[in-house]
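Shown next, in structure tokens, is the structure this report addresses.
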Amino acid sequence: MSPWFKIDTKGMDPVFAIQQFLESVLNLDQIGAVLAPLHLPMGHGVMPTLVTDVKQLQHADPLSPAFPLNSAKLVAKLTRKRMDYHLAAVLRPCEIRAVIELVKLNQANLDSVLMIGCDCLGAYTNADYKIYRENQGDDASLQFYRNRIFGKTAAKGIDLSPACQVCEHPVPIGADILIGLFGVGEQDHLFVEAKTPKGEEFLSRLDLAGVEKPDQREQVIEALLTDRKTKRDDMFAVTGQAVNSIEKLSQYLSACVNCYNCRVACPVCYCRECVFTTDVFDHESSQYLKWAERKGVLKMPTDTVFYHITRLAHMSTGCVGCGQCSNACPNDIELMELFRTISYKTQKAFEYEAGRSLEEAPPFSIFREDEFPEVIGVTN
Amino acid sequence: MEAFEPTIIAFVCNWCTYTAADLAGTSRLIYPPNVRLIRVMCTGMVDPKYIIKALLEGADAVLVSGCHPGDCHYINGNFKARRRIKLLKEILPQFGFEEDRLKLTWIGASDGIMFAETIKKMVERIKALGPNECKKQMVI
Numbered sequence: 001m002s003p004w005f006k007i008d009t010k011g012m013d014p015v016f017a018i019q020q021f022l023e024s025v026l027n028l029d030q031i032g033a034v035l036a037p038l039h040l041p042m043g044h045g046v047m048p049t050l051v052t053d054v055k056q057l058q059h060a061d062p063l064s065p066a067f068p069l070n071s072a073k074l075v076a077k078l079t080r081k082r083m084d085y086h087l088a089a090v091l092r093p094c095e096i097r098a099v100i101e102l103v104k105l106n107q108a109n110l111d112s113v114l115m116i117g118c119d120c121l122g123a124y125t126n127a128d129y130k131i132y133r134e135n136q137g138d139d140a141s142l143q144f145y146r147n148r149i150f151g152k153t154a155a156k157g158i159d160l161s162p163a164c165q166v167c168e169h170p171v172p173i174g175a176d177i178l179i180g181l182f183g184v185g186e187q188d189h190l191f192v193e194a195k196t197p198k199g200e201e202f203l204s205r206l207d208l209a210g211v212e213k214p215d216q217r218e219q220v221i222e223a224l225l226t227d228r229k230t231k232r233d234d235m236f237a238v239t240g241q242a243v244n245s246i247e248k249l250s251q252y253l254s255a256c257v258n259c260y261n262c263r264v265a266c267p268v269c270y271c272r273e274c275v276f277t278t279d280v281f282d283h284e285s286s287q288y289l290k291w292a293e294r295k296g297v298l299k300m301p302t303d304t305v306f307y308h309i310t311r312l313a314h315m316s317t318g319c320v321g322c323g324q325c326s327n328a329c330p331n332d333i334e335l336m337e338l339f340r341t342i343s344y345k346t347q348k349a350f351e352y353e354a355g356r357s358l359e360e361a362p363p364f365s366i367f368r369e370d371e372f373p374e375v376i377g378v379t380n
Numbered sequence: 381m382e383a384f385e386p387t388i389i390a391f392v393c394n395w396c397t398y399t400a401a402d403l404a405g406t407s408r409l410i411y412p413p414n415v416r417l418i419r420v421m422c423t424g425m426v427d428p429k430y431i432i433k434a435l436l437e438g439a440d441a442v443l444v445s446g447c448h449p450g451d452c453h454y455i456n457g458n459f460k461a462r463r464r465i466k467l468l469k470e471i472l473p474q475f476g477f478e479e480d481r482l483k484l485t486w487i488g489a490s491d492g493i494m495f496a497e498t499i500k501k502m503v504e505r506i507k508a509l510g511p512n513e514c515k516k517q518m519v520i
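Sequence order for the protein chains is A and S. First residue of the first sequence: 1, per the numbering used here; consecutive thereafter. First residue of the second sequence: 381, per the numbering used here; consecutive thereafter.
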């Protein structure tokens, strides 16, 4: 049996093909609901939506360049307690990797989840998507798909979000079922592949025609990754330079108003109550004056740099690089760039990669007796 | 200009390094007065926040010191501390904090001499390094 199956794109509309596929998944007895991005009947929004009525899937659109939020936290919300139905969740690769982090942090459970990952074409920032959608009209997603797959020019003046431009994980890892787009070229179908025994079990019930793996796939992915990694390393160099002293870091974060949106948007920042909103930071009124008097000046609200470095200490080893921190920032601080730059080193230090595997324990849940001798002592 | 006298914040565990500091004192060992000891029950409870805050507030260096491997009163708190120090040593230098500004040592309860030596060496190094940038300028 070929592990690859095809779903017909009928008239070159891959969005329609994916909708059909999701309908057949939801029609399975074991599947109670599908979580997927849907065009809302109101406004121009595409939002993660929990669907139980098959008819509603005609609005599903996983290829849309909209990425309003990382759905990993929604999967956590839906699965934290035992479910009595199976959920099919259609997720971007960075959402899957965040879910994997949350599972390891005991915030989500995959026992009753079928994760469907689609090759990711990237997304626009929320601000750019709004412009794109308004200019492009109803076939915005199809147009986006064609541009991305066939290398046609992107929409005028709009590029992928900075996070997507440097993302080296456009192919989902950890999904039960993969919907393959890369390497499809001009063919009249997309590919579906089971990546886990669970995925295989569900796919086998779907009555899909087998097909060969597209020849071009590996090359297409390889070329994409080479480009992304070059851009990523450039970004690391530029950002590293931009924050390499406390003066520069302060400047980098100077527009921050301590709204903590980046923390709320972060899929792996999972604390129910963040220390920065507790009474630890409810200082005596007179305290501020004392602080101000030390240097004659105190920026209010205080502890901005402290907040960001602490968040780096707390979750940089779990950062999946989805870029939602930047997307959520009302003051356009380049947070994704900062977090990815720092995280790259912290994850390397612990030989860890966020979202890579359910088996790898998060760095701060384990230790070894014999490790990191270089950090001990005063003189080394 | 007055000579630079660094301020070092030391988080020391109740069972080993604090006791060693106590021993250094009762043994009348002489070491520089630049260190401010904060006694914690275990280095495993030293949240990275404490260290970050100390440095951002202008401490010239932070020392975390606890029991030798295998001696932790809580079995493995010092191993957890070591991972957190490793993490901070990856993060803080990227923002220009020199590696020397954060140190982790194991000093047992009977090592009064070692405690005094450690503080001496650390003060020397920080004097050579100069003051923490955060002391001089506005940090938002």
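Ideal placement from N, C-alpha and C gives every residue a C-beta, glycine not left out.
Kindly list the residues whose CB is nearer than 6 Å to the CB of residue i, restricted to its own chain and excluding five residues on each side of it in sequence; keep chain order.
i        : result
Leu312/A : Ile342
Ala89/A  : Leu35, Val75, Val113 and Met115
Leu26/A  : Val34 and Val54
Thr196/A : Asp176
Cys164/A : Gly122 and Ala123
Val415/S : Ile388, Ala390 and Ile499
Met1/A   : With a pLDDT of 44 at Met1/A, under the threshold of 50, the predicted position of this residue should be treated as unreliable, though the coordinate-derived value follows. Correct list: empty, nothing qualifies.
Leu298/A : Trp291 and Ala292
Could you pull out every residue in the same chain whose Cβ sits closer than 7 Å to the Cβ of residue i, ignoring the five residues on either side in sequence?
i        : result
Glu492/S : For clarity, residue 492/S is Gly in the given sequence; the question names Glu instead. Counting only Cβ-Cβ distances below 7 Å, and skipping sequence neighbours, we find Ala400, Leu403, Ala404, Ser407 and Leu409.
Phe477/S : Leu435
Leu253/A : Thr304, Val305, His308 and Ile333
Gln19/A  : Leu57, Gln58 and Ala60
Gln216/A : Gly183 and Gly185
Suppose you measure from the CA of residue i to the CA of residue j; what does that come to, to the nearest Å?
i        : j        : result
Met502/S : Ile116/A : 54 Å
Lys348/A : Gly185/A : 35 Å
Lys104/A : Asp138/A : 40 Å
Gln143/A : Leu335/A : 29 Å
Asp227/A : Val426/S : 42 Å
Ile506/S : Leu249/A : 22 Å
Cys514/S : Gln474/S : 15 Å
Glu23/A  : Ser71/A  : 20 Å
Arg419/S : Tyr430/S : 13 Å
Ser357/A : Lys345/A : 19 Å
Ile520/S : Ala255/A : 10 Å
Leu102/A : Leu38/A  : 24 Å
His402/A : Gly510/S : Look at the range of chain A in this structure, 1 to 380, and you will see that residue 402/A is not part of it.
Ala223/A : Arg368/A : 39 Å
Lys63/A  : Ser326/A : For the sequence presented, residue 63/A should be read as Leu rather than Lys. If you take the alpha carbons of Leu63/A and Ser326/A, they lie about 21 Å apart.
Asn458/S : Gly488/S : 12 Å
Glu359/A : Gly174/A : 11 Å
Cys329/A : Cys262/A : 6 Å
Arg92/A  : Arg148/A : 16 Å
Which one or two residues does DSSP pair with residue i in a beta bridge?
i        : result
Ala416/S : In the sequence as presented, Ala is not what sits at residue 416/S; that position holds Arg. Per DSSP, Ile389/S.
Ala89/A  : Leu35/A and Met115/A
Trp486/S : Gly446/S
Gly180/A : Phe191/A
Ile309/A : None; Ile309/A has no bridge partner.
Ile376/A : Leu484/S
Gly210/A : Phe5/A
Ala76/A  : In DSSP, Ala76/A forms no bridge with anything.
Ala441/S : Ile388/S
Gln60/A  : Going by the sequence as given, residue 60/A is Ala instead of Gln. Partner(s): Leu38/A.
Might you give, ordered along the chain, the residues of its own chain that have their beta carbon closer than 8 Å to the beta carbon of residue i, omitting 5 neighbours on each side?
i        : result
Leu417/S : Ala390, Val392, Tyr398 and Ala401
His189/A : Lys6, Ile7, Asp8, Thr9, Ala17 and Val211
Leu208/A : Phe5, Lys6, Ile7 and Val192
Phe364/A : Thr317
Asn512/S : Leu435, Gly438, Ala439, Asp440, Ala441, Phe477 and Arg481
Arg462/S : Leu484
Since residue i is in the beta strand (DSSP E), which residue starts that stretch and which ends it?
i      : result
Asp8/A : Trp4 to Asp8
Over what stretch of residues does the alpha helix (DSSP H) that includes residue i continue unbroken?
i        : result
Lys516/S : Glu513 to Lys516
Asn46/A  : It is worth fixing the name first, because residue 46/A is Val in this sequence and not Asn. Element bounds for Val46/A: not the alpha helix (DSSP H) but the beta strand (DSSP E), Val46 to Val51.
Val297/A : Taken as a continuous stretch (DSSP letters only), Val297/A belongs to no alpha helix (DSSP H), as it is neither H nor E.
Asp233/A : Arg217 to Ala242
Cys164/A : Pro162 to Gln165
Leu403/S : Thr397 to Thr406
Phe459/S : Gly457 to Ile471
Ile333/A : Per DSSP, Ile333/A belongs to no alpha helix (DSSP H) and is neither H nor E.
Ile499/S : Gly492 to Leu509
Ala108/A : It is not in any alpha helix (DSSP H) - Ala108/A carries neither H nor E in the DSSP assignment.
Arg263/A : Asn261 to Ala265
Asp13/A  : Neither: Asp13/A is in no alpha helix (DSSP H) and is coded neither H nor E.
Asp128/A : Asn126 to Gln136
Arg148/A : Ala140 to Ile149
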